[in-house]
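Numbering (my numbering), first residue to last: 1 to 248. Even for Gly, the Cβ is constructed at its ideal location relative to N, Cα and C. These figures come from a predicted structure and were not determined experimentally.
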């Protein structure tokens, strides 16, 4: 059995005449943390959207646990255990943290109607445990819209964990977060990986963050795969440095 949980082969995606992704091939190893870096406009988010079904690809193959998923719908892919978070948080601002956690359960397990059933004590206790895990237990009954942006990101992370994903795709998890919260978030991502066994694929702009976390890093530029390897290799790769310096 292959240890590659996600296999992307020759993936291309255009919007009108713009080539967002061109012939990208990369793999994500089961149980590991894989980073995806690159300057703005390099096609990282488009690739994420293609993996989880938001943007059907023009050509190529995306396999998850050996199964071709490039023709599946977003919900079907989520039910397989592949979830993503967004740069801008997607929480329910008028609900408290616990309610946000409970309403996020259906992705993996059930249909839309189940969002309206009352949740059992076990589910509620799980929600409280995960809020404690991300450091929001004390705020569990507060309105989510009143949390800081960083706390909202932690809540969104806890909501994703509620679904027990096999793989979690995180789009710039530290963007916009107060620097004092960043180390706590990194620690929790690493723990979700080591303690819960969740494979992580992370888009990250903060080079220090991703180099400290990832087992392997891929770099995109202009919609193409520029390099892939261990963090120290990527950090010292002249093509990667050129892409970043050129972008600035």
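Measuring straight from C-alpha to C-alpha, what distance separates residue i and residue j?
| i | j | result |
| --- | --- | --- |
| residue 124 | residue 102 | 7 Å |
| residue 234 | residue 171 | 20 Å |
| residue 44 | residue 183 | 23 Å |
| residue 137 | residue 122 | 16 Å |
| residue 47 | residue 238 | 24 Å |
| residue 213 | residue 185 | 11 Å |
| residue 3 | residue 30 | 6 Å |
| residue 8 | residue 211 | 22 Å |
| residue 240 | residue 226 | 7 Å |
| residue 62 | residue 198 | 19 Å |
| residue 243 | residue 95 | 42 Å |
| residue 27 | residue 228 | 10 Å |
| residue 208 | residue 201 | 16 Å |
| residue 162 | residue 68 | 25 Å |
| residue 54 | residue 74 | 6 Å |
| residue 159 | residue 165 | 11 Å |
| residue 79 | residue 23 | 27 Å |
| residue 167 | residue 219 | 20 Å |
Could you tell me the boundaries of the beta strand (DSSP E) in which residue i lies?
| i | result |
| --- | --- |
| residue 24 | 18 to 29 |
| residue 84 | 82 to 85 |
| residue 127 | Note, residue 127: premise wrong, no beta strand (DSSP E); alpha helix (DSSP H) at 121 to 133. |
| residue 61 | 59 to 64 |
| residue 12 | 4 to 15 |
| residue 37 | 33 to 37 |
| residue 169 | 167 to 171 |
Is it buried or exposed for residue i, if we count other Cβ within 10 angstroms and need 16 for buried?
| i | result |
| --- | --- |
| residue 50 | buried |
| residue 149 | exposed |
| residue 179 | exposed |
| residue 16 | exposed |
| residue 196 | exposed |
| residue 132 | exposed |
Since residue i and residue j are thought to touch, with beta carbons under 8 Å apart, how far apart are those beta carbons, to the nearest angstrom?
| i | j | result |
| --- | --- | --- |
| residue 38 | residue 25 | Contact flag wrong, Cβ pair sits at about 15 Å. |
| residue 173 | residue 190 | Rounded, the Cβ-Cβ distance is 12 Å, inconsistent with contact. |
Between which two residues does the alpha helix (DSSP H) containing residue i stretch?
| i | result |
| --- | --- |
| residue 186 | 179 to 195 |
| residue 138 | Unbroken run through residue 138: none, as it is neither H nor E. |
| residue 227 | Counting along the chain, residue 227 falls outside any alpha helix (DSSP H), though it belongs to the beta strand (DSSP E) covering 224 to 229. |
| residue 216 | Unbroken run through residue 216 is the beta strand (DSSP E), 216 to 221; no alpha helix (DSSP H). |
Kindly list the residues whose CB is nearer than 6 Å to the CB of residue i, restricted to its own chain and excluding five residues on each side of it in sequence; keep chain order.
| i | result |
| --- | --- |
| residue 32 | 215 |
| residue 19 | 223 |
| residue 57 | 11, 13, 50 and 70 |
Please go through the same chain and pick out, in chain order, the residues whose beta-carbon is closer than 7 Å to the beta-carbon of residue i, but skip the five residues on each side of it.
| i | result |
| --- | --- |
| residue 65 | 5 |
Using C-beta distances below 8 Å, list every residue in its chain close to residue i, excluding the 5 sequence neighbours before and after it, in chain order.
| i | result |
| --- | --- |
| residue 141 | 96, 97 and 98 |
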